[in-house]
Amino acid sequence: MVATSSVLTSLVAFGASVMAASLPPCNKTALIIVDVQNDFALPTGNLSVSGGEAIIPVINEVRHRGNFDMVVLTQDWHPVGHVSFYSRWANDPKAKMFQPYTLPSSGDGPVWPPNTEQVLWPDHCVQNGNGAEFHKDLHVSAKKDIFIKKGANPNLDSYSGLLENDHKTETALPKMLKDAGIQHVVVVGLAEDYCVGSTALDAKTVYGYDVTVLSDATAAVAPGSKKAMEGMFQKHGVTLQTSADFFKAQDARKCRFNSKSC
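Pasting the structure below:
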């Protein structure tokens, strides 16, 4: 009986070791919290995203339970008269709110390459204005977090936290992620179909990170663009899962993502 018990104990230990060996390694992971700002998150914001406030408690839980190696907060930071503002182009009858607008390729003012399109939005997240501030309920550490301001160039928009919309101009974030040895990026915030999605896709397709978007920690501008963005996630290998499933996977590794071993 004792021998049988010993054999069973050995088999259980062996099985556990095999299971542990089959689990993915614990990668250094960054949490990127995208644009949880008043103009997006508040119902009264200039570019309010439906459900924007509801995701904030989920984001706070994720950042505290995740024990991430790095926490990054991106912040839309537009000057007055930004290229994405409908108000800049309102005198042109071709300009329509929430629609692509072909930017001028000739003339006395700034010009862009032919057929350059820009979606026009209400004025939002204007530098030093209340709309650009982080939502009051979002947990932020001024000492530990990394802050990335984007969209400050008056003539170039920036959805992604890594690259501006010309797909050439980098923010400071790519170098920071590389220098920190980050391998896995988790993206949350606003809005899934624009800035969250662009950040996730750039992290995956341009910089080669493993990328997870947490579906209950983001909200979208519109159902159609949300569906299209999630199709891009599937096409390019970006993982879309709930925060509950994310934590289940994390617990299965029996470690936090910033540990050196499982």
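When the letters of the sequence shown are read in order and numbered with mature numbering (1 follows the signal peptide of the UniProt record, and there is no 0), they come out as residues -20 to -1, 1 to 242. Each residue gets a CB set at the ideal place from its N, CA and C atoms; glycine is no exception. As the structure is a computational prediction, the values presented were derived from the model and not from experiment.
Is it true that the segment 16 to 34 meets the segment 198 to 209, where meeting means three or more beta-carbon pairs spaced less than 8 Å apart? Contact holds: three or more Cβ-Cβ distances are below 8 Å.
Compute the Euclidean distance between the alpha carbons of MET50 and GLN163, then round it to the nearest angstrom. When only Cα atoms are considered, MET50 and GLN163 end up about 11 Å apart.
Beta carbon of LEU170, beta carbon of LEU153: below 8 Å? No, the pair does not count as a contact, with Cβ atoms beyond the cut-off.
On the premise that VAL120 lies in contact with LEU53, defined as a C-beta separation below 8 Å, what is that separation, rounded to the nearest angstrom? Contact annotation, LEU53 with VAL120: C-beta distance approximately 7 Å; criterion of less than 8 Å satisfied.
Answer with buried or exposed for PHE226, where buried requires no fewer than 16 other C-beta atoms within 10 angstroms of its C-beta. Buried, by the Cβ-count rule.
Whole-angstrom distance between ASP231 and GLN55, CA atom to CA atom: For the pair GLN55 and ASP231, the Cα-to-Cα distance works out to about 31 Å.
What distance in whole Å lies between the Cβ atoms of LEU194 and VAL218, which are believed to be in contact at a cut-off of 8 Å? That belief does not hold up - the Cβ atoms of VAL218 and LEU194 are roughly 11 Å apart, past 8 Å.
Cα-Cα separation, TRP57 to ASN7: Cα to Cα, the separation comes out at about 31 Å.
Just to confirm before moving on: does the CB-CB distance between VAL38 and VAL167 stay below 8 Å? The answer is no: Cβ separation not under 8 Å.
Of the listed residues VAL165, PRO90, ASP72 and GLY161, nearest to LEU100 (C-alpha basis): The shortest C-alpha separation from LEU100 is found at ASP72.
I'd like to check one pair, ALA197 with ILE12: are the Cβ atoms closer than 8 Å? In this structure, ALA197 does not lie closer than 8 Å to ILE12 by Cβ.
Can you tell me whether ALA21 is buried or exposed? The criterion is at least 16 other CB atoms within 10 Å of its CB, across all chains shown. ALA21 should be labelled buried.
Looking at the strands, I want to know which residues DSSP matches up with THR192. Note: THR192 sits in a beta bridge opposite VAL166 and THR219.
For the structure I just gave you, are there three or more beta carbon pairs, one from the segment 40 to 48 and one from the segment 73 to 82, closer than 8 Å? Contact fails: fewer than three Cβ-Cβ distances are below 8 Å.
Looking at GLY87: is its Cβ nearer than 8 Å to the Cβ of PRO134? Between GLY87 and PRO134, the C-beta gap is not smaller than 8 Å, which leaves the two residues out of contact.
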